[in-house]
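Structure, as structure tokens:
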Amino acid sequence: MTFAGILALQSMVYGQRYTDSQDSLKNVQLEQVVVSATRAGKNTPMTYTDISQPEIKKNNAARNIPILLQNIPSLVSYGEDGTGAGYSYMRIRGVDASRINVTLNGMPLN
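Numbering (the working numbering), first residue to last: 787 to 896.
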């Protein structure tokens with residue numbers, strides 16, 4: 787014995803048409819914004835370390851920035867697993883990574 791049936795459902799949809807085609811936001815012309823940047827150099831009165839490409843190639847095992855920078859004076863780097871793979875962190879003179887600016891060709895890495 788087989789049973790075949792069809793269940794039909796009917797529903798009403800109510801809506802309201804929005805007739806105001808004018809946008810309530812106004813365009814405002816702002817003043818010009820000038821973006822400038824600075825870069826630490828040898829004559830800057832702060833600690834500055836420049837790492838050359840041969841030094842980076844020599845430390846090829848360092849696949850992340852904190853481990854690559856571990857030989858810089860006053861910098862301490864460590865990883866969660868102890869090998870430098872995975873998550874790693876750094877501190878400079880007790881300051882955590884949220885206050886350290888690391889750039890590569892002027893682009894921030896952290």
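No residue lacks a Cβ here, since even glycine has one placed at the ideal position from N, Cα and C.
Per DSSP, I878 is one residue of the beta strand (DSSP E) stretching across 874-878.
The bridge partners DSSP lists for P894 are T889. Taking G865 as reference, the option from R877, E841, L890 with the minimal CA-CA separation is R877. In the structure shown, L816 adopts coil according to DSSP, grouped into three states. Per DSSP, reduced to three states, the secondary structure at L854 is helical.
Taking G892 as reference, the option from L854, P859, T824 with the minimal CA-CA separation is T824.
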